[in-house]
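Protein chains in written order, with the working numbering: chain E, 2 to 314; chain X, 88 to 475.
All C-beta atoms in this analysis are idealised placements derived from N, C-alpha and C, irrespective of residue type, glycine included.
Read the structure below first, then the notes.
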Amino acid sequence: MSSTDIILQQLLNGLTIGSYLAMIALGYTMVYGIIELINFAHGDVFTAGFLISLTLFEWFGAGGKTLTGFRLVWMFTLVLILTMLACGIINVIVDRIAYKPLRKAPRLAPLITAVAASFALENIYANWKGPSQIFYPDYFPRVDILHNWLHLNTTVLFTTQDALLIGLTIPMMLGLRLFIQRTKLGKAMRATAQNAAAASIMGIDVERVIMTTFFIGGALAGAAGMAFGNFLHTGRYLMGFDAGLFAFTAAVLGGIGNITGAVLGGFLIGFLKVFSDQWIGGQWTRAFIFTILILVLVFRPQGLVGEDEAEKA
Amino acid sequence: MTKQTKRQAPKNNARSELQKRVLFGLILIGLFVLPQFIRVFERATDLSILITLNVGLLFVVLALGLNIVVGFAGLLDLGYAAFFAIGAYTMGIFTWPNLGIQWSFWVVIWISAVVSAIFGMIIGAPTLRLRGDYLAIVTLAFGEIVPRIIRELWKITIKIPFTNIYIIKDFNLTNGPQGMNPVGRPNIFGFEVGSTAIGPAWFRITPPMQWYFLIIIVGALVLFATYRLEHSRLGRAWMAIREDETAADAMGVDPVRTKLLAFALGASLSGFAGSIYGAMIQAIFPELFSFLVSIFLIIIVIVSGMGNIWGVLTGGLLIAFFDRVLLAQVVPQYIPGGDVLQQWRWVMYAAGLIAVMILRPEGLFPSAARQAEFHAEEEIIPEENDTT
Numbered sequence: 002m003s004s005t006d007i008i009l010q011q012l013l014n015g016l017t018i019g020s021y022l023a024m025i026a027l028g029y030t031m032v033y034g035i036i037e038l039i040n041f042a043h044g045d046v047f048t049a050g051f052l053i054s055l056t057l058f059e060w061f062g063a064g065g066k067t068l069t070g071f072r073l074v075w076m077f078t079l080v081l082i083l084t085m086l087a088c089g090i091i092n093v094i095v096d097r098i099a100y101k102p103l104r105k106a107p108r109l110a111p112l113i114t115a116v117a118a119s120f121a122l123e124n125i126y127a128n129w130k131g132p133s134q135i136f137y138p139d140y141f142p143r144v145d146i147l148h149n150w151l152h153l154n155t156t157v158l159f160t161t162q163d164a165l166l167i168g169l170t171i172p173m174m175l176g177l178r179l180f181i182q183r184t185k186l187g188k189a190m191r192a193t194a195q196n197a198a199a200a201s202i203m204g205i206d207v208e209r210v211i212m213t214t215f216f217i218g219g220a221l222a223g224a225a226g227m228a229f230g231n232f233l234h235t236g237r238y239l240m241g242f243d244a245g246l247f248a249f250t251a252a253v254l255g256g257i258g259n260i261t262g263a264v265l266g267g268f269l270i271g272f273l274k275v276f277s278d279q280w281i282g283g284q285w286t287r288a289f290i291f292t293i294l295i296l297v298l299v300f301r302p303q304g305l306v307g308e309d310e311a312e313k314a
Numbered sequence: 088m089t090k091q092t093k094r095q096a097p098k099n100n101a102r103s104e105l106q107k108r109v110l111f112g113l114i115l116i117g118l119f120v121l122p123q124f125i126r127v128f129e130r131a132t133d134l135s136i137l138i139t140l141n142v143g144l145l146f147v148v149l150a151l152g153l154n155i156v157v158g159f160a161g162l163l164d165l166g167y168a169a170f171f172a173i174g175a176y177t178m179g180i181f182t183w184p185n186l187g188i189q190w191s192f193w194v195v196i197w198i199s200a201v202v203s204a205i206f207g208m209i210i211g212a213p214t215l216r217l218r219g220d221y222l223a224i225v226t227l228a229f230g231e232i233v234p235r236i237i238r239e240l241w242k243i244t245i246k247i248p249f250t251n252i253y254i255i256k257d258f259n260l261t262n263g264p265q266g267m268n269p270v271g272r273p274n275i276f277g278f279e280v281g282s283t284a285i286g287p288a289w290f291r292i293t294p295p296m297q298w299y300f301l302i303i304i305v306g307a308l309v310l311f312a313t314y315r316l317e318h319s320r321l322g323r324a325w326m327a328i329r330e331d332e333t334a335a336d337a338m339g340v341d342p343v344r345t346k347l348l349a350f351a352l353g354a355s356l357s358g359f360a361g362s363i364y365g366a367m368i369q370a371i372f373p374e375l376f377s378f379l380v381s382i383f384l385i386i387i388v389i390v391s392g393m394g395n396i397w398g399v400l401t402g403g404l405l406i407a408f409f410d411r412v413l414l415a416q417v418v419p420q421y422i423p424g425g426d427v428l429q430q431w432r433w434v435m436y437a438a439g440l441i442a443v444m445i446l447r448p449e450g451l452f453p454s455a456a457r458q459a460e461f462h463a464e465e466e467i468i469p470e471e472n473d474t475t
């Protein structure tokens with residue numbers, strides 16, 4: 002593999018990894034924008050997407066074999082919708098149990114329940130699917146696009162499964178943008194993010210907005226979890242921790258509370274992750290991303306595009 | 088005014104002072120003979136209680152340290168185990184025979200505390216300027232990353248780029264996943280604590296008992312230190328910051344410096360306890376310092392009642408005993424299906440933590456100030472404050 006090919010390959014990898022990180026980062030940033038809380042359990046909702054979609058494929062009788070033709074279309078769509086629904090509901094339940102009773106409590110209280118909720122979910126997964134690595138079969142067909150479809154003579158590998166990740170996340174993010182900009186509920190979300198008390202005086206049902214936010218965030222994380230499974234084929238009950246840390250770093254990097262920022266941050270972290278995997282060593286990637294988080298907090302806590310949100314005491 | 092009442096108290100209650108001393112003496116004697124009873128009990132039941140009790144007691148010491156950070160200063164530190172690991176591994180590095188340093192335990196324990204405090208400052212300085220959420224997630228990540236880095240530090244190679252000159256090649260600092268074994272033991276006047284049993288047959292002091300006494304002494308010192316800290320100028324500053332940072336800042340308390348002090352002090356105590364832990368269990372592995380340790384300590388501090396030293400002490404002992412002895416040993420052995428309970432215990436604890444936070448956020452044994460804070464909304468403010 003020539004060095005240009007390596008760089009091209011890594012850029013493509015960065016793009017695919019960045020797209021699922023961006024999806025998770027959106028959930029962090031949306032919830033933070035509305036209720037100013039880091040939803041620690043968010044990474045674990047991503048894990049739920051992975052595990053639930055895997056279970057659903059088994060229920061529908063996919064049986065570990067690659068799906069083809071019409072079967073692929075209906076089953077894949079159905080599993081995607083159900084997974085997103087389930088993950089959205091899980092996130093809403095987490096909010097209802099762990100955060101809602103503490104809306105007016107001192108800030109320490111919801112943070113503690115957030116950690117506890119995340120920890121509870123992780124251990125439920127560990128008891129459900131076992132603590133070891135879980136294999137996710139090739140349900141989505143894997144075709145090398147550049148060779149087999151475009152007949153390019155290159156060593157760069159870009160498969161349909163990579164394309165799936167990008168093809169799933171980018172429309173969803175655009176859809177989210179349209180939802181927030183164009184719909185009435187989206188407008189209510191923006192209003193609540195600006196000033197919840199004023200929004201409530203204007204007749205906006207703030208609790209409903211919060212519920213919607215948690216639902217959308219959870220659904221996006223669930224879709225990301227499913228796409229991730231079809232792309233990397235392996236996961237574990239703790240996988241949400243890494244994904245959550247990376248996505249949170251992405252959200253902070255982009256300016257927490259800022260939706261565009263979260264997406265940009267997600268892709269940026271995706272590129273940084275593959276850079277670290279390739280040139281520093283995979284075992285150091287976590288520490289590398291963590292260092293970036295610390296550096297961002299030191300030098301630019303408001304993020305690359307954000308306002309001075311983070312410095313509010 | 089408070090000083091006066093304190094000075095008057097002993098005169099008025101001379102008898103109760105005597106009672107206190109007698110009670111204190113009884114507790115001391117009780118603590119001294121307790122291991123002998125446990126030994127008899129252990130022989131009868133085939134449980135290993137004293138070794139678990141030692142770990143549990145050390146966790147209570149850790150919880151007292153975490154109480155400074157979470158309880159006094161109101162900072163959520165989710166990576167307390169990282170400093171514990173740093174302390175244990177500092178002890179390991181300076182006493183492991185293969186590295187050839189082998190300094191005395193009593194010297195290294197202070198080095199551990201300092202090293203942990205330095206790491207605490209590195210993590211705390213950038214994050215404590217921001218709101219508390221950031222500290223929580225940064226410490227959470229730090230706690231996950233430190234054991235993994237320790238695991239990788241067994242083949243360190245640093246090369247000057249574009250040359251073949253190595254600064255360090257394949258240097259083994261922590262022995263990676265194999266763990267460090269043995270870690271140096273403390274030496275008291277030529278006697279190695281925890282090496283052999285001493286004493287006559289009717290009052291045999293076995294190695295776990297020696298550790299028990301050492302931990303009890305250290306625990307008492309930590310208890311005394313945190314008690315004094317709570318009522319010091321610094322302790323009041325922490326509580327002022329916790330209750331209202333802006334108001335405290337206006338009164339001349341530097342929030343970042345004060346919080347950093349709490350955080351670093353907590354970290355150094357964790358490192359201190361970590362070195363004892365390392366020396367006690369003799370073989371340290373990166374896996375021993377996972378997030379489970381941090382969350383367990385958080386549970387002790389919060390469920391017992393953050394900010395209240397005696398609450399944390401009592402709650403810590405109860406929870407440690409429940410988890411390490413009842414749930415880990417008694418239940419699976421004597422109750423059919425008890426292993427299911429054991430398997431789901433973390434989910435149970437997490438649910439309990441959420442329940443406590445919602446129903447009784449001040450904990451089971453709250454401090455008065457903490458209780459008032461969490462119930463600020465229900466408080467009825469009297470029209471005229473009777474302060475004289």
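Classify E/L175 as buried or exposed, calling it buried when 16 or more other Cβ atoms lie within 10 Å of its own Cβ. In the first sequence, the residue the question calls residue 175 of chain E occupies position 174. Looking at its Cβ environment, which holds fewer than 16 other Cβ atoms inside 10 Å, E/L175 is exposed.
Inter-residue Cα distance where the pair is X/V142 and E/I293: For the purposes of this step, residue 142 of chain X is identified with residue 55 of the second sequence, where counting begins at 1. For the purposes of this step, residue 293 of chain E is identified with residue 292 of the first sequence, where counting begins at 1. Rounded to the nearest angstrom, the two C-alpha atoms are 36 Å apart.
Excluding sequence positions up to five away, which residues of its chain have a Cβ less than 8 Å from the Cβ of X/R432? Your numbering for residue 432 of chain X matches position 345 in the second sequence. D410, L414.
Under three-state DSSP, which class holds X/N274? Taking the second sequence and counting its residues from 1, one reaches residue 274 of chain X at position 187. Note: X/N274 maps to strand in three-state DSSP.
Beta-carbon neighbours of E/A117, restricted to chain X and to distances below 7 Å: As a position in the first sequence, residue 117 of chain E is number 116, starting the count at 1. Within 7 Å Cβ-Cβ: A437, L440, I441.
Measuring alpha carbon to alpha carbon, tell me which residue in E/L27, E/I35, E/F47 is nearest E/F242. Walking along the first sequence from the start, residue 242 of chain E turns up at place 241. Closest by alpha carbon: E/F47.
Let me know the secondary structure DSSP gives E/T235 once reduced to three states. Counted from its first residue, the first sequence places residue 235 of chain E at position 234. If DSSP states are grouped into helix, strand and coil, E/T235 belongs with the strands.
Enclosing alpha helix (DSSP H) for X/I180 [first to last residue]: Locating residue 180 of chain X in the second sequence gives position 93, where the first residue counts as 1. Note, X/I180: alpha helix (DSSP H), 167-182.
Would you mind sorting X/Q265 into buried or exposed? The rule is 16 or more other CB atoms within 10 Å of its CB. Sequence index remark: in the second sequence, residue 265 of chain X carries index 178 (1-based). The residue is exposed, with fewer than 16 neighbouring Cβ atoms inside 10 Å.
Along chain X, in chain order, which residues have C-beta atoms closer than 8 Å to that of E/I113? Position 112 of the first sequence, counting from 1, holds the residue named residue 113 of chain E. Here the neighbours are L163, I385, I389, L440, M444.
With a threshold of 8 Å between beta-carbons, can X/E374 be considered close to chain A, or not? The question asks about chain A, but that chain is absent: this structure's protein chains are E and X.
Proximity test, Cβ basis, 8 Å: X/F350 and chain E: Here residue 350 of chain X refers to the residue found at position 263 when the second sequence is read from its first residue. Chain E, which has no Cβ nearer than 8 Å to the Cβ of X/F350, makes this no.
Beta-carbon gap between E/K274 and E/T286 smaller than 8 Å: Sequence index remark: in the first sequence, residue 274 of chain E carries index 273 (1-based). Sequence index remark: in the first sequence, residue 286 of chain E carries index 285 (1-based). Yes, Cβ-Cβ distance for E/K274 and E/T286 is below 8 Å.
Is the beta carbon of X/I180 sitting closer than 8 Å to the one on X/L260? As a first step, residue 180 of chain X must be located in the second sequence, where it is residue number 93. As a first step, residue 260 of chain X must be located in the second sequence, where it is residue number 173. Yes. Within cutoff.
X/A96 to X/V309, Cα distance in whole Å? As a first step, residue 96 of chain X must be located in the second sequence, where it is residue number 9. As a first step, residue 309 of chain X must be located in the second sequence, where it is residue number 222. Note that X/A96 scores 48 on pLDDT, short of 50, meaning its location in the model is unreliable and no value can be drawn from it.
Whole angstroms are fine: how far does the CA of E/Q284 sit from the CA of X/I275? Position 188 of the second sequence holds residue 275 of chain X. Position 283 of the first sequence holds residue 284 of chain E. X/I275 and E/Q284: Cα-Cα distance of roughly 41 Å.
Between the Cα of X/Y221 and the Cα atoms of E/G28, E/E37, E/Y238, which residue gives the shortest distance? In the second sequence, the residue the question calls residue 221 of chain X occupies position 134. Answer by Cα proximity: E/E37.
Can you give me the C-alpha to C-alpha distance between E/L12 and X/Q430, rounded to a whole angstrom? For the purposes of this step, residue 12 of chain E is taken as residue 11 along the first sequence, with counting starting at 1. For the purposes of this step, residue 430 of chain X is taken as residue 343 along the second sequence, with counting starting at 1. Cα-Cα distance, rounded: 43 Å.
Euclidean distance between Cα positions of X/G365 and X/P213: On the second sequence, position 278 is the one that residue 365 of chain X refers to. On the second sequence, position 126 is the one that residue 213 of chain X refers to. Taking the straight line joining both Cα atoms gives about 30 Å.
What are the start and end residues of the alpha helix (DSSP H) that includes E/Y21? Sequence index remark: in the first sequence, residue 21 of chain E carries index 20 (1-based). Segment 4-36, the alpha helix (DSSP H) holding E/Y21.
Check the C-beta distance from X/A354 over to X/F170 and give it rounded, since I have them as a contact under 8 Å. Numbered from 1 along the second sequence, position 267 holds the residue referred to as residue 354 of chain X. Numbered from 1 along the second sequence, position 83 holds the residue referred to as residue 170 of chain X. Yes, X/A354 and X/F170 are in contact; Cβ-Cβ is about 4 Å, under 8 Å.
What is the DSSP secondary structure of X/M267, counted as helix, strand or coil? Along the second sequence, one-based indexing puts residue 267 of chain X at 180. In the structure shown, X/M267 sits in a strand (DSSP, three-state: E or B).
Out of curiosity, what's the CA-to-CA distance linking E/L165 and E/S54? Within the first sequence, numbered from 1, the residue matching residue 165 of chain E stands at position 164. Within the first sequence, numbered from 1, the residue matching residue 54 of chain E stands at position 53. The alpha-carbon atoms of E/L165 and E/S54 are separated by roughly 15 Å.
Kindly list, in the order they appear in chain E, the residues whose Cβ is closer than 8 Å to that of X/R235. Counting from 1 along the second sequence, the entry for residue 235 of chain X is found at position 148. Those are Q284, R287, A288, listed as they occur along chain E.
Span separating the alpha-carbon of X/R218 from that of X/T333: Here residue 218 of chain X is taken as the residue at index 131 of the second sequence, counted from 1. Here residue 333 of chain X is taken as the residue at index 246 of the second sequence, counted from 1. One C-alpha to the other measures close to 12 Å.
Going by beta-carbon coordinates alone, are E/V32 and E/F215 separated by less than 8 Å? Taking the first sequence and counting its residues from 1, one reaches residue 32 of chain E at position 31. Taking the first sequence and counting its residues from 1, one reaches residue 215 of chain E at position 214. The answer is yes: Cβ separation under 8 Å.
Got a sec? Which residues, its chain only, sit under 7 Å from X/G339 by beta carbon, not counting five neighbours each side? Along the second sequence, one-based indexing puts residue 339 of chain X at 252. No residues qualify anywhere along the chain.
Mind reading off the beta-carbon distance from E/M227 to E/L22? Whole number of angstroms is fine, and I expect it under 8 Å. Locating residue 227 of chain E in the first sequence gives position 226, counting from the first residue. Locating residue 22 of chain E in the first sequence gives position 21, counting from the first residue. Not confirmed; about 15 Å, so no contact.
X/L110 versus X/S103 - alpha carbon distance: Against the second sequence, residue 110 of chain X aligns to sequence position 23. Against the second sequence, residue 103 of chain X aligns to sequence position 16. The alpha-carbon atoms of X/L110 and X/S103 are separated by roughly 10 Å.
Beta-carbon proximity list for X/V233, same chain, < 6 Å, skipping 5 on both sides: Numbered from 1 along the second sequence, position 146 holds the residue referred to as residue 233 of chain X. Cβ within range, chain order: A169, A172.
Is it buried or exposed for X/W325, if we count other Cβ within 10 angstroms and need 16 for buried? What you label residue 325 of chain X is simply residue 238 of the second sequence in a count that begins at 1. With 16 or more Cβ atoms within 10 Å of its Cβ, X/W325 is classed as buried.
Contact set for X/G152: own chain, Cβ-Cβ below 6 Å, skip 5 residues either direction: Working through the second sequence from its first residue, we reach residue 152 of chain X at position 65. Correct list, in chain order: G353, L356, S357.
Name, going along the chain, the residues of the stretch 192-220 of chain X whose beta-carbon falls closer than 7 Å to a beta-carbon of chain E. P213, T214, L217, R218, G219, D220
X/F258: first and last residue of the uninterrupted beta strand (DSSP E) it sits in: Position 171 of the second sequence, counted from the start, is the residue given in the question as residue 258 of chain X. Its beta strand (DSSP E) spans residues 253-258.
Quick check on E/F249: does DSSP put it in helix, strand or coil? Along the first sequence, read from residue 1 onward, the residue named residue 249 of chain E stands at position 248. DSSP places E/F249 in helix when its eight states are reduced to three.
Where E/F229 falls: helix, strand or coil (DSSP): Here residue 229 of chain E refers to the residue found at position 228 of the first sequence. Of the three classes helix, strand and coil, the one that applies to E/F229 here is helix, per DSSP.
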